[in-house]
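Structure record follows, encoded as structure tokens.
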Amino acid sequence: MLSQFLQFVFSGVTVGATYALAALGFSIIYNASGVINFAQGEFIMLGGMAAVFLTTAGLPLPLAILIGVLLVGLVGLLVERLAVAPARNAEVVSIIIITIGVSMILRGLVEVTLGKGNHALPHFSGDRPITLGGATILPQSLWVLGVSAVVVAFLAWFFGATRTGKGMLATAYNRLAAQLVGVDTRKVLMLSFVMSAMLGAVGGILIAPIATTSYDAGIMLGLKGFVAATLGGLGSGFGSIFGGLVLGLFEALTAGYVSSAYKDAVPFVLVLIILLVRPQGLFGAKQTDRV
Amino acid sequence: MKSTMKSAAVAAVLAMTVAGAQAQNAKVGAVLSVTGPAAFLGDPEHKTLQMLVEQTNAAGGLLGRKLELVSYDDGSEAAKANGFTKRLLEDDKVDVIIGGTTTGATMGMYPMVEKAEMPFMSLGGGVVIVEPVKKWMFKVAHNDRMAAEKVFLDMQKRGLKSLALISETSGFGASGRKETLATAAKYNIDIVADETYGAKDTDVTAQLTKIKGNDKAQALLVFGLGQGPAIVTKNIAQLGVKLPVYQSHGVASEEYIKLSGAAAEGVRLPAAAILAPEQIKDGDPQKKIVVDYVNAHKAATRSEVSTFGGHARDAFMIWVDAVKRAGAFDKAKVRDAIEQTKGFVGTGGVVNMSATDHLGLDISAFKMYEIKNGKWSVLY
Numbered sequence: 001m002l003s004q005f006l007q008f009v010f011s012g013v014t015v016g017a018t019y020a021l022a023a024l025g026f027s028i029i030y031n032a033s034g035v036i037n038f039a040q041g042e043f044i045m046l047g048g049m050a051a052v053f054l055t056t057a058g059l060p061l062p063l064a065i066l067i068g069v070l071l072v073g074l075v076g077l078l079v080e081r082l083a084v085a086p087a088r089n090a091e092v093v094s095i096i097i098i099t100i101g102v103s104m105i106l107r108g109l110v111e112v113t114l115g116k117g118n119h120a121l122p123h124f125s126g127d128r129p130i131t132l133g134g135a136t137i138l139p140q141s142l143w144v145l146g147v148s149a150v151v152v153a154f155l156a157w158f159f160g161a162t163r164t165g166k167g168m169l170a171t172a173y174n175r176l177a178a179q180l181v182g183v184d185t186r187k188v189l190m191l192s193f194v195m196s197a198m199l200g201a202v203g204g205i206l207i208a209p210i211a212t213t214s215y216d217a218g219i220m221l222g223l224k225g226f227v228a229a230t231l232g233g234l235g236s237g238f239g240s241i242f243g244g245l246v247l248g249l250f251e252a253l254t255a256g257y258v259s260s261a262y263k264d265a266v267p268f269v270l271v272l273i274i275l276l277v278r279p280q281g282l283f284g285a286k287q288t289d290r291v
Numbered sequence: 292m293k294s295t296m297k298s299a300a301v302a303a304v305l306a307m308t309v310a311g312a313q314a315q316n317a318k319v320g321a322v323l324s325v326t327g328p329a330a331f332l333g334d335p336e337h338k339t340l341q342m343l344v345e346q347t348n349a350a351g352g353l354l355g356r357k358l359e360l361v362s363y364d365d366g367s368e369a370a371k372a373n374g375f376t377k378r379l380l381e382d383d384k385v386d387v388i389i390g391g392t393t394t395g396a397t398m399g400m401y402p403m404v405e406k407a408e409m410p411f412m413s414l415g416g417g418v419v420i421v422e423p424v425k426k427w428m429f430k431v432a433h434n435d436r437m438a439a440e441k442v443f444l445d446m447q448k449r450g451l452k453s454l455a456l457i458s459e460t461s462g463f464g465a466s467g468r469k470e471t472l473a474t475a476a477k478y479n480i481d482i483v484a485d486e487t488y489g490a491k492d493t494d495v496t497a498q499l500t501k502i503k504g505n506d507k508a509q510a511l512l513v514f515g516l517g518q519g520p521a522i523v524t525k526n527i528a529q530l531g532v533k534l535p536v537y538q539s540h541g542v543a544s545e546e547y548i549k550l551s552g553a554a555a556e557g558v559r560l561p562a563a564a565i566l567a568p569e570q571i572k573d574g575d576p577q578k579k580i581v582v583d584y585v586n587a588h589k590a591a592t593r594s595e596v597s598t599f600g601g602h603a604r605d606a607f608m609i610w611v612d613a614v615k616r617a618g619a620f621d622k623a624k625v626r627d628a629i630e631q632t633k634g635f636v637g638t639g640g641v642v643n644m645s646a647t648d649h650l651g652l653d654i655s656a657f658k659m660y661e662i663k664n665g666k667w668s669v670l671y
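Each protein sequence line maps, in turn, to chains U and R. Quick note on numbering: the numbering used here labels position 38 of the first sequence as 38, and the sequence is numbered without any gaps. With the second sequence counted from 1, adding 291 to any position gets you the numbering used here.
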């Protein structure tokens, strides 16, 4: 009984960590611009696909990962420069719609150039499961959890202790005031896109051995990541992680103890409840508009 | 008065040009899911039809007429298939329609096809396409019920009596689940677990843990398409579930073995002979047909062959065969000829159609495979 419960928890935490990484990407861009970037799922997909194709081209895995992440960072830069920046003065909603368009373009480009097949990366440190209290967990899941933790720590340091990071936060609070004290808010938006693209790529690469990847893998991950971000509170780093893990755990426990048929309804029911009871999310800052 | 004269003249000219075009080219209409989630089905189907039309034309055409392929991509949206069917019927004036990559698209297209009295070769997998029999619609893909039955027969051989089922929530998985549950009793198989997973799920260990904890289960059947079954297979290995594992014909492609890796070892599944052409016995009538198609497909598309492309091939060739027997492109005559198809050897099996059977395949069309050393190995 306990081993079964433990297995559901492992399953939930693994899936939850991937949702959390996706949610973090949403939060970074939301912080810098108030925009929800619906191409975040595609950044995740691009990371996985880039690493797959670089390894099949003969590159060793670590190098393929590094180049893959940098490449996707470059894509993030291009997306910001070519699609988002020109519409800088438009309404937030317009920019959100632009990101939906970008996601379709990225998906289509990958479909045409790299094909429609599914691909898997080799596991980083073998696929022999580790047994713990009668339940099993893959070493790759530990990679996902470990790297997520490192990323969160890095982001906490970046936003809390570096000048650039503080500048980004300042822009999030009040763009005009940030400009007045000398923050280059245009650079902030650019940086936020590059960062969340690279973050997405890292996530996509980490889960590719477990979940496999294909040109349309980003749709579901992006959606679940968005739900996780809303759950935890858009813009809150801790909230993203928490939202992702809660979502993963709820899904796994529902599949385990209730019925797998209801599993996919869980995230949407959760988000409905949260939006009704606490619209800013569990850890989101309360929005106050001065009248 | 003048204007009616004018429009009559225009209509006459139009009719003449249409008639002129028809005398030159016979049109093969297709609505396929070349992009979108069902692209792995629709893409090889599309490429196969292109290849076959070229081959037929290079060999002098059909009844002295060149063929022309008019193919539309419904983007895996069943609702769009409807609009394209209208276009094929009203604007392109095709002689046959091949398609409906999925069961959903097929059923959406059929009412219009029936009204237009057009021979229609569906590539979808659901039983509903041919049960009850619909006058103008024929089917080439194996029924999911046959896959379930083949698995039950194999279980009987191994003395296994109870089955845990895990199916995908997609149309294919849901239909497979329904057929599995409906036919199990006939073979004295108990379904002791009935779990589902989403097509895009990245982890299925929760459902499998439940199955693992079920003492009554003696075997496990996975019913799904694409990458989902590969993830299930990997999770089975991760959890150390010791049950014999069956997959459906939905994973009959190299990709499944590649994605699942070592975890796929020992997995059994029912699939058509095309899965391992080199293992077809020499005397088998399917041997030459399948090997020829595989080689031509490789040469023309430089991609691996799949059972799904094979379905498009069979649909096209059954129609060609019927046109030849009818000696005309006349739609009613061709329809009757398709219904009288007997002993047609295709990549999917030997087809014997009748007024009550618009599929014409029996369970012998499926062979049982086991994955050994990362390769398909035909058992019987």
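Using N, Cα and C, we set each Cβ at its ideal position, and we do this for glycine too.
Contacts that residue i makes with chain U (C-beta to C-beta distance below 7 Å)
{"i": "I522 of chain R", "result": "A211 and T212"}
{"i": "Y488 of chain R", "result": "S260"}
{"i": "K491 of chain R", "result": "M220"}
Straight-line Cα distance separating residue j from residue i
{"i": "G218 of chain U", "j": "I100 of chain U", "result": "12 Å"}
{"i": "S11 of chain U", "j": "I210 of chain U", "result": "12 Å"}
{"i": "F514 of chain R", "j": "V483 of chain R", "result": "15 Å"}
{"i": "F38 of chain U", "j": "N586 of chain R", "result": "43 Å"}
{"i": "Q313 of chain R", "j": "G355 of chain R", "result": "Reliability fails at Q313 of chain R, whose pLDDT of 46 lies under 50, so the model's placement of it is uncertain and no value is given."}
{"i": "K452 of chain R", "j": "D481 of chain R", "result": "6 Å"}
{"i": "A455 of chain R", "j": "R163 of chain U", "result": "58 Å"}
{"i": "G311 of chain R", "j": "A646 of chain R", "result": "Confidence is the limiting factor: at G311 of chain R the pLDDT is only 47, short of 50, which leaves the residue's position unreliable, though a coordinate-based value still follows. Answer to the nearest angstrom: the Cα atoms are 35 Å apart."}
{"i": "L223 of chain U", "j": "T18 of chain U", "result": "12 Å"}
{"i": "V625 of chain R", "j": "V92 of chain U", "result": "59 Å"}
{"i": "E111 of chain U", "j": "S240 of chain U", "result": "30 Å"}
{"i": "I502 of chain R", "j": "R593 of chain R", "result": "41 Å"}
{"i": "F657 of chain R", "j": "L145 of chain U", "result": "44 Å"}
{"i": "L276 of chain U", "j": "V151 of chain U", "result": "31 Å"}
{"i": "L272 of chain U", "j": "F250 of chain U", "result": "15 Å"}
{"i": "I662 of chain R", "j": "L511 of chain R", "result": "16 Å"}
{"i": "G417 of chain R", "j": "G651 of chain R", "result": "14 Å"}
Residues that residue i contacts on chain R, provided the C-beta gap is smaller than 8 Å
{"i": "G256 of chain U", "result": "A497, Q498, T500 and K501"}
{"i": "E111 of chain U", "result": "T326 and A330"}
{"i": "A120 of chain U", "result": "A521, K549, L550 and G552"}
{"i": "D264 of chain U", "result": "T460 and G489"}
Proximal residues of chain R, C-beta to C-beta of residue i below 7 Å
{"i": "K116 of chain U", "result": "A330, F331 and D334"}
{"i": "S11 of chain U", "result": "D494, T496 and A497"}
{"i": "A252 of chain U", "result": "A497"}
{"i": "Q4 of chain U", "result": "T500 and G504"}
Amino acids of chain C, ordered along the chain, whose beta-carbon sits closer than 7 Å to that of residue i
{"i": "F8 of chain U", "result": "No chain C appears in this structure, whose protein chains are U and R."}
Proximity below 9 Å, CB of residue i to CB of residue j
{"i": "A490 of chain R", "j": "P335 of chain R", "result": "no"}
{"i": "G319 of chain U", "j": "Q280 of chain U", "result": "Lying before the first or after the last residue shown, residue 319 of chain U is absent from chain U, which here runs from 1 to 291."}
{"i": "M608 of chain R", "j": "L358 of chain R", "result": "no"}
{"i": "Y660 of chain R", "j": "L550 of chain R", "result": "no"}
{"i": "A564 of chain R", "j": "V581 of chain R", "result": "yes"}
{"i": "L6 of chain U", "j": "G203 of chain U", "result": "no"}
{"i": "I207 of chain U", "j": "V69 of chain U", "result": "no"}
{"i": "F124 of chain U", "j": "L61 of chain U", "result": "yes"}
{"i": "A317 of chain R", "j": "F620 of chain R", "result": "yes"}
{"i": "G637 of chain R", "j": "N643 of chain R", "result": "no"}
{"i": "A153 of chain U", "j": "Q4 of chain U", "result": "no"}
{"i": "D365 of chain R", "j": "L323 of chain R", "result": "yes"}
{"i": "S466 of chain R", "j": "Y488 of chain R", "result": "no"}
{"i": "A32 of chain U", "j": "G243 of chain U", "result": "no"}
Residue i: contacting residues in chain R (beta-carbon distance under 9 Å)
{"i": "I105 of chain U", "result": "Those do not exist, as I105 of chain U stays about 14 Å from chain R at its closest Cβ, beyond 9 Å."}
Contact list for residue i against chain U, beta-carbon separation under 8 Å
{"i": "L530 of chain R", "result": "Q7, P129 and T136"}
Within chain U, partners of residue i - CB distance below 9 Å
{"i": "G517 of chain R", "result": "N118 and S214"}
* To do: Identify every run of the beta strand (DSSP E) within the stretch 101-162 of chain U, keeping only runs that are complete inside it and at least 3 residues long; order them along the chain.
  => 130-132 and 135-137
* Unbroken stretches of the alpha helix (DSSP H), 4 residues or longer, contained in the stretch 480-558 of chain R -> 496-503, 519-530 and 545-551
* Residues of the stretch 130-141 of chain U with a CB closer than 7 Å to any CB of chain R: list them in chain order, please. => T136 and L138
* 4 or more residues per run - each alpha helix (DSSP H) lying fully within the stretch 584-665 of chain R -> 598-617 and 622-630
* If you measure beta-carbon to beta-carbon, which residues of the stretch 15-37 of chain U are closer than 7 Å to chain R? -> V15 and T18
* Asked: Whole beta strand (DSSP E) runs in the stretch 368-403 of chain R with 3 or more residues, listed along the chain?
  -> 387-390
* To do: Give the residues from the stretch 199-230 of chain U that approach chain R closer than 7 Å (Cβ to any Cβ), ordered along the chain.
  => I207, I210, A211, T212, S214, D216 and M220
* Enumerated in chain order, which unbroken segments of the alpha helix (DSSP H) with a length of 4 residues or greater are wholly contained in the stretch 23-104 of chain U? -> 40-56 and 61-79
* To do: Please name the residues in the stretch 541-552 of chain R whose beta-carbon is closer than 8 Å to at least one beta-carbon of chain U, in chain order.
  => E546, K549, L550 and G552
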